[in-house]
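**Student:**
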Amino acid sequence: MFKRFLFALIIFSMLFIIPTVALSFFEQKMGDPSEVSNTNSTELSSSLEEDIRILQSDVTEPEFIKVFNTDTNEVMKIDFEEYIKGVVSSEMPAEFNSEALKAQAVTARTYTLYRINKYADGHVDHPEAPICSEIHCQVWNSKENLIASHPEGWYEKYWGVINDAVNSTKGQVLTYEGKIIEPLFHSTSGGRTENSEDVFLTAVPYLRSVESPYEEESPKLRNSIKIPINDFIEKINSSYGNLNLTANNLKDKIKLGEVSEGGKIKTLIVDGEEITGREMRTLFGLSSANFNFIQSGDEIEIVTTGNGHGVGMSQYGANGMAKEGFNYKQILKHYYLGVEVVQMK
Ligand SMILES: [Zn+2]
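Letter by letter, the sequence shown follows residues 20 to 364 of our numbering.
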């Protein structure tokens with residue numbers, strides 16, 4: 020009986036108390052990713068039928084690769100395709116759909132070649148190798164590390180799946196106008212990916228904002244943090260000088276500036292000062308630059324949509340597309356505009 024009363028009380032509170040005190044800051048920009056899927060899913064489903072040919076390339080696949088191992092500070096020489104297996108299993112959960120894992124295998128191989136071409140004489144941070152084993156380049160783990168960092172039975176259950184994803188796409192990479200692309204990717208876009216110049220300043224023709232409608236299963240689609248309002252104001256003041264912010268004027272003093280095509284905040288105007296969404300993301304350690312503030316009592320909640328920079332392939336979006344029946348080539352051509360899947364010699 021008491022439980023029922025408590026439940027009713029909670030529902031009552033949700034209905035009548037919270038909305039009267041919570042101030043949401045940027046209602047006009049808050050897009051719901053599900054709205055995106057409704058308006059654009061026809062565009063995507065028509066490409067389900069599309070048969071994508073793999074073109075022959077005259078690029079020869081390297082047999083080995085030199086990788087700077089940041090754990091041991093040594094340069095390793097690894098079989099190229101074996102290296103790709105260590106990347107795919109580090110960069111994407113092996114539980115993902117096999118077509119998403121294949122898409123990741125092709126991006127890993129493409130990224131590796133891009134780095135080899137760009138840093139043939141070594142990267143300034145690791146001069147003896149064009150690529151390292153960390154997030155600085157792309158994450159690679161040895162089989163031993165992978166087994167140690169996953170629950171028991173992971174290797175037996177998933178190594179075959181990783182092997183299949185890499186072996187079945189062996190030698191395949193992405194090109195744009197004949198050149199190997201830089202296939203950036205991220206966890207979850209929040210409904211739409213970003214134009215490269217909105218995040219990294221340079222406009223890249225194949226890194227355009229596209230819809231990413233199948234991310235509903237991503238545990239990283241939404242996130243939120245709560246902080247006391249005083250701490251929130253102090254943090255902004257410590258970085259941008261003493262702005263005239265108080266608990267009572269935040270809603271008036273913080274205005275939305277520019278929003279990117281992908282829905283991320285490019286700029287905010289805070290008491291007349293322009294602050295970029297990226298700066299806010301760093302300042303408060305946010306999952307993405309697509310955020311909203313909700314003021315409630317003496318706390319402020321920062322709600323984020325999506326996870327990561329939002330440029331290129333969305334990994335959870337790729338997994339969602341794979342579950343909808345799209346194959347890895349369709350997924351790649353969706354997230355990287357105008358690219359070809361080519362087969363190296
Ligand atoms: Zn590196």
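All C-beta atoms in this analysis are idealised placements derived from N, C-alpha and C, irrespective of residue type, glycine included. Note that this is a predicted model, so its numbers are computed, not measured.
1) Measuring from each Cβ to the nearest heavy atom of ligand 1, keep the ones under 7 Å and list them in chain order.
2) Rounded to a whole number of angstroms, what is the C-alpha to C-alpha distance between L369 and G296?
3) Whole beta strand (DSSP E) runs in the stretch 66-138 with 3 or more residues, listed along the chain?
4) Tell me which residues share the same chain as L203 and place their Cβ nearer than 7 Å to its Cβ, disregarding the 5 neighbours each side in the sequence.
5) Tell me where the alpha helix (DSSP H) around Y195 begins and ends.
6) Within 10 angstroms of its Cβ, does N338 collect 16 or more other Cβ (buried), or is it exposed?
7) Quick one: what does DSSP say S60 is sitting in, helix, strand or coil?
8) Starting from the Cα of M111, find the closest Cα among T194, W178, P149 and S228 and give me that residue.
9) Could you tell me which of T301, G260 and K254 sits nearest to I319, measuring between CA atoms?
10) DSSP state of F44, grouped into three classes?
11) In the stretch 256-283, which residue ranges form an unbroken alpha helix (DSSP H) of at least 4 residues, counting only runs that do not cross its ends?
12) If contacts are defined as beta-carbon pairs under 8 Å, then V86 and T194 qualify, I think. What distance do you get, rounded to the angstrom?
13) Can at least three beta-carbon pairs, one atom from the stretch 178-190 and one from the stretch 121-133, be found at a separation below 8 Å?
14) Put E54 into one of helix, strand or coil per three-state DSSP.
15) Can you tell me whether DSSP reads M320 as helix, strand or coil?
16) Can you confirm whether the stretch 341-361 touches the stretch 65-78 when touching is taken to mean that 3 or more C-beta pairs between the two stretches lie within less than 8 Å?
**Tutor:** In terms of the structure at hand:
1) In chain order, the hits are F87, H142, D144, H145, I150, C151, E153, H155 and C156.
2) Nothing about residue 369 can be read from this structure; the chain reaches only from 20 to 364.
3) Fully contained in the stretch 66-138 are the following beta strand (DSSP E) runs of length 3 or more, in chain order: 83-88 and 93-98.
4) Taking the first residue of the sequence shown as position 1, residue 203 is located at position 184. Correct list, in chain order: L226, V330 and G331.
5) The residue you call residue 195 lines up with position 176 of the sequence shown. Premise fails: Y195 lies in the beta strand (DSSP E), Q191 to Y195, not in any alpha helix (DSSP H).
6) Numbered from its first residue, the sequence shown carries residue 338 at position 319. Counting Cβ neighbours within 10 Å, N338 comes out buried, since at least 16 surround it.
7) As a working mapping, residue 60 is identified with position 41 in the sequence shown. Low local confidence applies: a pLDDT of 48 at S60 is under 50, so the model's placement there is unreliable, with the coordinate-based value given in what follows. Helix.
8) Start at 1 with the first residue of the sequence shown, and residue 111 comes out as number 92. Nearest of T194, W178, P149 and S228 to M111, Cα basis: W178.
9) The count along the sequence shown starts at 1 and reaches residue 319 at position 300. Nearest option by C-alpha distance: K254.
10) Locating residue 44 in the sequence shown gives position 25, where the first residue counts as 1. DSSP places F44 in the coil class of the three-state scheme, outside both helix and strand.
11) Here the runs fully enclosed are 269-272.
12) Numbered from its first residue, the sequence shown carries residue 86 at position 67. Numbered from its first residue, the sequence shown carries residue 194 at position 175. Cβ-Cβ separation between V86 and T194: approximately 23 Å, too far for a contact (criterion under 8 Å).
13) Under the three-pair Cβ rule at 8 Å, the stretch 178-190 counts as touching the stretch 121-133.
14) By one-based count along the sequence shown, residue 54 stands at place 35. In this prediction, E54 scores a pLDDT of 43, lower than 50, which makes its location untrustworthy; the coordinate-derived value is nonetheless stated afterwards. Residue state, collapsed to three classes: helix.
15) As a first step, residue 320 is located in the sequence shown; it is residue number 301 there, counting from the start. Correcting the residue type first, residue 320 is Glu in the shown sequence and not Met. Residue state, collapsed to three classes: strand.
16) Contact holds: three or more Cβ-Cβ distances are below 8 Å.
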